[in-house]
Amino acid sequence: MRILLGSEIDELVARAQTSPRRRAHFNVHADAADPVQRFFVAAQRDSYFRPHRHAVKSEMALVLRGRFDVLMFDDTGVLNARDSAGQGSSGIGWEVPVLTWHTLLPLEDGSVFLEVKAGPYDAATASESAPWAPAESDAAAAAFLERLRTLRPGERVTAG
Numbered sequence: 004m005r006i007l008l009g010s011e012i013d014e015l016v017a018r019a020q021t022s023p024r025r026r027a028h029f030n031v032h033a034d035a036a037d038p039v040q041r042f043f044v045a046a047q048r049d050s051y052f053r054p055h056r057h058a059v060k061s062e063m064a065l066v067l068r069g070r071f072d073v074l075m076f077d078d079t080g081v082l083n084a085r086d087s088a089g090q091g092s093s094g095i096g097w098e099v100p101v102l103t104w105h106t107l108l109p110l111e112d113g114s115v116f117l118e119v120k121a122g123p124y125d126a127a128t129a130s131e132s133a134p135w136a137p138a139e140s141d142a143a144a145a146a147f148l149e150r151l152r153t154l155r156p157g158e159r160v161t162a163g
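Here's what the structure looks like:
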């Protein structure tokens, strides 16, 4: 048995603050071969999670701190659904079905969620990035992230 400490989550949040990606992970599972992948993710408000989908596994997450918006899209980048989970919302987490384009928007600095999905981890099939969304390293990513913040269901996402 292992007890996870609040101080470990505080350290994870501190790592996210100084990370170039503005987020940090803490794996609970032993390695990529584990049949159940479990990890905490701390994110700052300006962390960009490129929209993506999982071809073979769903994902489930519970918010421990802060708040996230979860956005789901069709194949062309039209927003199908936008829901909130965490402090100040009625949602406590999310489950994203296989082959569903989605992204997360941290709404507060230091937001943290626990994600659980089937293993083992395989980088070749873990996720597919949306072709209509810029890469994290792309100069257009910041403007795209800001557009996601105001996007409403039925609207197509664009970087401008």
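Just so we're aligned: 95 in the numbering used here is position 92 of the sequence shown, and the numbers increase by one with no gaps anywhere. Backbone N, C-alpha and C define an ideal beta-carbon position, used for all residues, glycine too. A quick note: this is a predicted structure, and the numbers were derived from the prediction, not measured.
If you reduce the DSSP assignment to three classes, tell me which class Q20 lands in.
Correct three-state label for Q20: helix.
Exercise for the section: Measure the C-alpha to C-alpha separation of P123 and A58 and round it to an integer number of angstroms. Expected result: 14 Å
Name the DSSP beta bridge partners of L148, please?
Per DSSP, none; premise fails for L148.
ask   = Quick one, which of L7, F43, V39 and L110 has its alpha-carbon nearest V16's?
value = F43
| Can you tell which of G113, G69 and R53 has the C-alpha that lies nearest to the C-alpha of S93? | Among G113, G69 and R53, the Cα nearest to that of S93 is on G69.
Of the listed residues P54, F71 and A126, nearest to A35 (C-alpha basis) = A126
* To do: Look up T153 in the DSSP assignment and say whether it is helix, strand or coil.
  => helix
* Asked: Could you give the residue range of the beta strand (DSSP E) that holds R41?
  -> V39 to A46
Next item on the list: Would you decide whether G9 is buried or exposed? Buried here means 16 or more other CB atoms lie within 10 Å of its CB.
Entry: exposed
Quick one: measure Cβ to Cβ for L108 and F71, integer angstroms, because I've assumed they're closer than 8 Å. 6 Å
Counterpart residues of P109 in DSSP-defined beta bridges: F71
_Once DSSP output is grouped into helix, strand and coil, what is the label at D125?_
coil
| query | For N30, which residues from the same chain have a beta carbon less than 7 Å from its beta carbon, with the 5 sequence-adjacent residues on both sides left out? | reply | F42
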